[in-house]
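The next block holds one structure in the form of structure tokens; read it before the comments.
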Amino acid sequence: MGKLVKGAEPLKPQAEAFVDDEAGPEVEEKVRRRLQHFIDRKVAALFEPLLAMGRDEALTGLAGGFAFRMVEALGVLPREDVADDVRALDQEARGLLRKHGLRFGQFTVFLPLLLKPAPTRLRLVLWSLANGLDEFPESPPPGLVTIPNLPDVPKGHYTLAGYRPAGARAIRIDMLERLADLLRAKDSRAGFEATADMLSITGMTLEQFADLMQGLGYAAERGERAKQRPADDAAKAAEPASGDGAETAPIADATGNGATEPEADTGVAAVADPSGVSDSEPQAAAEPETEVFFTFIWAPRPRGNRPQRDGRPDGKGRQGGKPRGERGDRGERSGKGAKGGKPRREGGGAKNHEARPPRKEKPIDPDNPFAAALQGLRDKL
0 MGKLVKGAEP
10 LKPQAEAFVD
20 DEAGPEVEEK
30 VRRRLQHFID
40 RKVAALFEPL
50 LAMGRDEALT
60 GLAGGFAFRM
70 VEALGVLPRE
80 DVADDVRALD
90 QEARGLLRKH
100 GLRFGQFTVF
110 LPLLLKPAPT
120 RLRLVLWSLA
130 NGLDEFPESP
140 PPGLVTIPNL
150 PDVPKGHYTL
160 AGYRPAGARA
170 IRIDMLERLA
180 DLLRAKDSRA
190 GFEATADMLS
200 ITGMTLEQFA
210 DLMQGLGYAA
220 ERGERAKQRP
230 ADDAAKAAEP
240 ASGDGAETAP
250 IADATGNGAT
260 EPEADTGVAA
270 VADPSGVSDS
280 EPQAAAEPET
290 EVFFTFIWAP
300 RPRGNRPQRD
310 GRPDGKGRQG
320 GKPRGERGDR
330 GERSGKGAKG
340 GKPRREGGGA
350 KNHEARPPRK
360 EKPIDPDNPF
370 AAALQGLRDK
380 L
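Take the sequence shown: its position 120, counted from the start at 1, is 119 in numbering that gives the first Met the number 0, and no numbers get skipped.
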């Protein structure tokens, strides 16, 4: 028997053997070596992609530094923690890292092979040993897409277990990236609704999915509308009843010898319908069914802390926080126009030609022959 203790590196724990004193130090050392060999083989088998990436001599510079960080994190890193490092990597460096199976997801950078149940359990043990924890976090049962997001469990434990907390639930990292691929095709500024594929990936109801999206940084606006019936139901409702317009089939008599003529009116009153509703009376139209829907808009920060775009806060006009509708009234309130600070003219700014004084004609020069001829023409007119 024995136990694992902290080693020099997280991926190199040390084995400590439990042997009776009567066995002697040689037997104890032999047991320890066998235990160490067992754990070394276990780590090498389950973390082979990560160890291969750490030994790759082609990864130099920024790529080598990023590979070192992945080894320290045991193959899973939230993208927001290494956002600057990811942006600094060029396409060649990313290609070298992708050869080892590394995936640069929208929310997480991880090795998909290390999210399987066996590597996940060992990763939690190795991380707990490296951090000197007395109680090790448990691995979630395999096959669960989402698990409860407990407030007393640190977020780092969920990351090591292969999950990301979002709202009241934590979703598995690889399934979250599949969801992100679907969200990337939607217009997150104008808003979009959840599709059947999104609900199928998460295995959630619409209400649970809305809570998950809010945990991922989306705003979920709830609404109601008339429920749309499927096309088959609508076609059936539009078709006439099978008996409408058809001739009444003859009624066979008790002997089965064919049809009988309808009986003549005997003057006996018909029996009233016990329900009190006549067939000729139109029935009240059924109220339309309603359904709940959510519109999702990307809003990673609260509305009150959003930066103003071009000096315009939400729902306001341009600089100064004035509504757009007041821009046309600015000159009337201040007594100045929109440009240059000049007062507006009366009458809506139209020019008043009648107010101008008449032009003064220049006296004709008597020494100019052309002017004398022109004056003669004016006199004749």
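Note that CB positions come from ideal geometry on N, CA and C, so glycine has one too.
Values in this document were obtained by computation on a predicted structure and should not be read as measured data.
Same chain, Cβ closer than 6 Å to residue i, five either side skipped, listed in chain order
i: residue 4; result: 13 and 15
i: residue 210; result: 166 and 167
i: residue 113; result: 74
i: residue 116; result: 141
i: residue 0; result: 17
i: residue 156; result: 136
Same chain only: Cβ atoms within 7 Å of residue i, ignoring 5 sequence neighbours per side
i: residue 2; result: 15
i: residue 95; result: 57, 58 and 62
i: residue 212; result: 219 and 295
i: residue 158; result: 75 and 77
Contact check, residue i vs residue j, beta carbons under 8 Å
i: residue 226; j: residue 289; result: yes
i: residue 221; j: residue 152; result: no
i: residue 205; j: residue 295; result: no
i: residue 164; j: residue 216; result: no
i: residue 184; j: residue 208; result: no
i: residue 162; j: residue 136; result: no
i: residue 88; j: residue 42; result: no
Selected residue, minimal CA-CA separation from residue i, among the options
i: residue 67; options: 118, 8 and 89; result: 8
i: residue 17; options: 155, 40, 33 and 45; result: 33
i: residue 82; options: 94, 65 and 96; result: 65
i: residue 49; options: 98, 91 and 89; result: 98
i: residue 196; options: 136, 41, 162 and 182; result: 182
i: residue 6; options: 172, 92 and 128; result: 128
i: residue 174; options: 19, 143 and 154; result: 143
i: residue 120; options: 91, 191, 84 and 160; result: 160
i: residue 224; options: 186, 191, 287 and 92; result: 287
Coil, strand or helix - residue i by DSSP
i: residue 14; result: strand
i: residue 164; result: strand
i: residue 107; result: strand
i: residue 208; result: helix
i: residue 190; result: coil
i: residue 290; result: strand
i: residue 145; result: strand
i: residue 269; result: Residue confidence is low: residue 269 scores 44 on pLDDT, short of 50, so the model does not pin down where it sits. No coordinate-derived value is stated.
i: residue 392; result: What the structure shows of the chain is the stretch from 0 to 380, and residue 392 is not part of that stretch, so it cannot be assessed.
i: residue 137; result: coil
i: residue 58; result: coil
i: residue 181; result: helix
i: residue 79; result: helix
i: residue 333; result: Confidence at residue 333 is low in this model, with a pLDDT of 41, below 50, so the placement of that residue should be treated as unreliable; the coordinate-derived value is given next. Here residue 333 sits in helix by DSSP.
i: residue 219; result: strand
i: residue 46; result: coil
i: residue 1; result: strand
i: residue 51; result: helix
i: residue 225; result: strand
i: residue 41; result: helix
i: residue 169; result: strand
8 Å CB neighbourhood of residue i in its chain, flanking five on each side removed
i: residue 35; result: 13 and 14
i: residue 188; result: 296 and 297
i: residue 256; result: Note that residue 256 scores 47 on pLDDT, short of 50, meaning its location in the model is unreliable; the coordinates nonetheless yield the value given after this. Contacts found: none.
i: residue 118; result: 45, 46, 74 and 112
i: residue 279; result: For residue 279, the predicted model reports a pLDDT of 48, less than 50, meaning its position is unreliable and no value from the coordinates is stated.
i: residue 38; result: 3, 12 and 14
i: residue 147; result: 167, 168 and 169
i: residue 84; result: 61, 64, 65 and 68
### Message
Counting beta carbon pairs with one atom in the region 57 to 64 and one in the region 21 to 39, are three or more of them shorter than 8 Å?
### Response
Short answer: they don't touch.
### Query
Is it a yes or a no for the region 119 to 138 touching the region 92 to 103, going by three-plus beta-carbon pairs under 8 Å?
Contact fails: fewer than three Cβ-Cβ distances are below 8 Å.
#### Entry: the region 164 to 173 contacting the region 65 to 72, beta-carbon criterion three pairs below 8 Å
By the Cβ criterion, the region 164 to 173 is not in contact with the region 65 to 72, since fewer than three pairs of Cβ atoms, one from each stretch, lie closer than 8 Å.
### Message
For the region 73 to 83 against the region 130 to 144, do three or more pairs of beta-carbon atoms, one drawn from each stretch, fall closer than 8 Å, so that the two count as touching?
### Response
By the Cβ criterion, the region 73 to 83 is not in contact with the region 130 to 144, since fewer than three pairs of Cβ atoms, one from each stretch, lie closer than 8 Å.
### Task
Check whether the region 77 to 84 touches the region 104 to 116, counting contact only when three or more Cβ pairs, one atom from each stretch, lie closer than 8 Å.
Contact between the region 77 to 84 and the region 104 to 116 is present, because at least three Cβ pairs lie under 8 Å.
### Query
Are the region 198 to 213 and the region 174 to 185 in contact at 8 Å, needing three or more beta carbon pairs?
Touching, yes.
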